[in-house]
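Asker:
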Amino acid sequence: MIAMQSKSPIAFAIANGHLPAVRVLLEHDHFLAKECGKPLIQVARKGAIDIVRFLCHNKVDTSYKEGLGQTALHKACIVGNTTIVNELLSLSVPVDPLDKSERSPLYFAAEKGFLEVVDVLIKAKANVNNLDRRIETALFKPAGNGHVNVVARLLDAKIDATILDFWDRIPLRFATRRGHIKIVEMLLERTNINQETPDHAGRTILHNAAAYLRQGQESIIDLLIKNGADPKAIVKLKGGSALHEAIAPVRRNIEAAELLIGAGAPIDKQSLHAMIEKGNLNLMERCLKLDSCPDLSERGFWGMTALHLAASLGHDNMVKNLLEAKEPPRCWDMNTMDPLMCAKKEIHSSSVSLLHNVLLSPIGDYKSRVEQGVWGRTVLHWAAEAGEDLSAYIMEESISSIIDALDDLGCTALHLAVLSGSLSTVQQLLSAHAQADLVDTLGQTPQHYAAEQPDVNILKAIIAAGADINVQDKWSRTPLNLAVEKGHVASVDELMHAGAKLSTDYAKNHPLHIAVTMGEDERVRTILSSECGKAVMLQKNSHDRTVLHLTSRFGKSKILTNIFA
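Its first residue numbered 1, the sequence shown is counted upward by one per residue in full-length UniProt numbering.
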């Protein structure tokens, strides 16, 4: 039973531990027992055994639940009071009541490390495999908190250590990240845990260990590898290895990295670049000597190679080592800069001298960038991004094979031309029949980007080419949504005139909601002047707010006048 009980006289007496007063009140009126459910929970947490025992024997409702859905047994387990736990269980109180998080008393006793209470509950037939709303058993918390004996007792009771929680995590992950080697050892020896099962971020147990272990805890990595962990496994979502996870964080663990390299962890691009960013020369030198060292011309963030990074950061010895390892000295990043330019920009004179003394090849033109496969772009992509005259490309017969090619971000040349703000470049691509409805990795089309450009003529050109103006991106936003957000009144007018619908985004906000929230009178008037604008006046967003709610909330009196006009 969950109920609200006011502070009656007996409740005050119980809360303040006045047993004689409680006894007198109950003897005077036995019906007062109905008001003692919540006070029972409070004194159970305080550990007042005499009052708890008295109330229980006077038939107070021991199943009463407070605001969090917890019973007196929950509270006794939270504070680890074995005496009260035994008292409650002797009255046949349910051993597995669940609170609003679907957690049983055993969960809290195990989390706090109260071994004696855990043992009592298990002997009372508590369900050790009960799952809370995060799909976690009672094993997760003690494993992470380092309660070795509690973990051992739960394993004795046949708790399932292989259950994945809501984020695909297992108890071993928490023990590993916190450096509890005895628990890690116990879980590996006594269960059939699969270390290679990735969590929600694609990390295996070894990835988590490498990323979070502190100095002095590296023996866990050795233990995991001896028990079958694969040092070559790659994080699925980010592409990094356990080695990268050890090097990349602010609290990088060089000892862990060396252990992983010794175990055969691959020296991937991310790991090598992280070594350079962190300035670890010794580790980088060791990696350059290995057969597994990656191609030094491979690109990372913003199309930068290892040499770009070393030159930008002024790591002279690293620059020297990379040049000796034959890394190409003249390759372009996404900002059309080579390593020498990067060193000059950051005023690293020693690195500049080193780079000046090598043969600068190949030259950094469009052709070299395409050959190096930067971002998967063609010559046409680069020219369109620069807003160049495309006449020479358009005239070539081979243009049809690359005009709609997608780069690594899913962008076509038309996407990039729109972003460049060059109307003439956009018009050239449209005249060559470039498709306007292809989406990039954000689900956005050229018309989405055109709606955000200040030059409405770019949007007009794309609309005239027959583009779908009601297409939605990954956040369910249409070009009209974006035009309203950016405050481009001319683009809003153009889209409304072309028949754009007032579609809702991921938060169920339609363009009129957005215009009202931003307080843009002119955009509100434009939308209200249409029939569809009037039709959505009473439509609610995800916060159950209509246009009138928002207008009133933000005090937009002029907009209210327009609405009621």
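Ideal Cβ positions, reconstructed from N, Cα and C, are used throughout, including at glycine.
Put residue 75 into one of helix, strand or coil per three-state DSSP.
Answerer: Here residue 75 sits in helix by DSSP.
Asker: Does DSSP classify residue 540 as helix, strand or coil?
Answerer: Coil at residue 540, not helix or strand.
Asker: Would you say residue 47 and residue 84 are within 8 Å of each other, going by their C-beta atoms?
Answerer: Yes. Within cutoff.
Asker: Do you know whose CA, among 308, 181, 382, lies nearest residue 323's CA?
Answerer: Ranking 308, 181, 382 by Cα distance to residue 323 puts 308 first.
Asker: At which residues does the alpha helix (DSSP H) containing residue 174 begin and terminate?
Answerer: Here the alpha helix (DSSP H) through residue 174 covers 171-177.
Asker: Quick check: what's the CA-CA separation for residue 410 versus residue 125?
Answerer: Rounded to whole angstroms, residue 410 to residue 125 spans 56 Å at the Cα level.
Asker: Rounded to a whole number of angstroms, what is the C-alpha to C-alpha distance between residue 494 and residue 334?
Answerer: Whole-angstrom Cα-Cα distance: 34 Å.
Asker: According to the neighbour-count rule (16 or more other Cβ atoms, all chains shown, within 10 Å of its Cβ), is residue 316 buried or exposed?
Answerer: Label assigned to residue 316: buried.
Asker: For residue 342, tell me which candidate among 328, 230, 310 has the shortest Cα-Cα distance.
Answerer: Looking at the Cα atoms, 310 is the closest of the given residues.
Asker: Closer than 6 Å by C-beta to residue 106: which residues in its own chain qualify, once you throw out the five before and the five after it? Chain order, please.
Answerer: Closer than 6 Å at Cβ, skipping near neighbours: 121, 126, 138.
Asker: Output needed for residue 369: all residues of its chain with C-beta closer than 7 Å, excluding positions within five of it in sequence on either side, in chain order.
Answerer: With a pLDDT of 49 at residue 369, under the threshold of 50, the modelled position of that residue is not reliable, and the figure given next carries that caveat. Excluding positions up to five away in sequence, the list reads 332, 382.
Asker: Is it right to say residue 303 is buried, meaning 16 or more other beta carbons lie within 10 angstroms of its own, or is it exposed?
Answerer: Classification for residue 303: buried.
Asker: If I follow the unbroken alpha helix (DSSP H) through residue 331, where does it start and stop?
Answerer: First-last for residue 331: undefined, no H or E at that position.
Asker: Taking 7 Å as the limit between beta carbons, can you name the residues of its chain near residue 468, skipping five residues before and five after?
Answerer: Here the set comprises 437.
Asker: How far does the alpha helix (DSSP H) with residue 447 in it extend, from its first residue to its last?
Answerer: Residues 446-452.
Asker: Taking the alpha carbon of residue 206 as the reference point, which residue from 72, 178, 299 has its own alpha carbon closest?
Answerer: Minimum Cα distance to residue 206 is reached at 178.
Asker: Am I right that residue 10 and residue 35 are in contact with their C-beta atoms under 8 Å? What's the rounded C-beta distance?
Answerer: Indeed they touch by this definition, with Cβ atoms about 6 Å apart.
Asker: Using CA atoms only, rank isn't needed, just tell me which of 426, 52, 194 is closest to residue 230.
Answerer: Cα-wise, what sits closest to residue 230 is 194.
Asker: Looking at the ligand PLP, does it come within less than 7 Å of residue 89, judged from the CB to the closest heavy atom?
Answerer: With respect to the ligand PLP, the structure shown offers nothing to examine, as it has no ligands at all.
Asker: Ordered along the chain, which non-local residues of its own chain (more than five positions away) have a Cβ less than 6 Å from that of residue 546?
Answerer: Contacts found: 538, 540.
Asker: Mind checking residue 24: buried by the 16 CB within 10 Å criterion, or exposed?
Answerer: Its Cβ having fewer than 16 others within 10 Å, residue 24 is exposed.
Asker: With a CB to CB cut of under 7 Å and the five nearest residues on each side skipped, what residues in its chain are close to residue 100?
Answerer: These residues qualify, in order along the chain: 68, 69.
Asker: Rounded to the nearest angstrom, what separates residue 575 and residue 166 at their Cα positions?
Answerer: Outside the displayed range of the chain (1 to 565) lies residue 575, so it cannot be described from this structure.
Asker: Considering only their Cβ atoms, is the gap separating residue 458 from residue 426 smaller than 8 Å?
Answerer: Their beta carbons are under 8 Å apart, which means residue 426 touches residue 458 by this criterion.
Asker: Can you tell me where the alpha helix (DSSP H) holding residue 425 begins and where it ends?
Answerer: Note, residue 425: alpha helix (DSSP H), 423-431.
Asker: Drop a sphere of 10 angstroms on the beta-carbon of residue 515, count the other beta-carbons inside from all chains shown, and report buried for 16 or more, exposed for fewer.
Answerer: Buried: at least 16 other Cβ atoms inside 10 Å.
Asker: Note down, in chain order, each residue of its chain lying with its Cβ closer than 7 Å to the Cβ of residue 475, except the 5 sequence neighbours on either side.
Answerer: Within the same chain, residue 475 has close Cβ partners 505, 506.
Asker: Taking the beta carbon of residue 75 as the centre, do at least 16 other beta carbons fall within 10 Å, making it buried, or is it exposed?
Answerer: Classification for residue 75: buried.
Asker: What is the DSSP secondary structure of residue 31, counted as helix, strand or coil?
Answerer: Looking at residue 31 - three-state DSSP - the assignment turns out to be helix.
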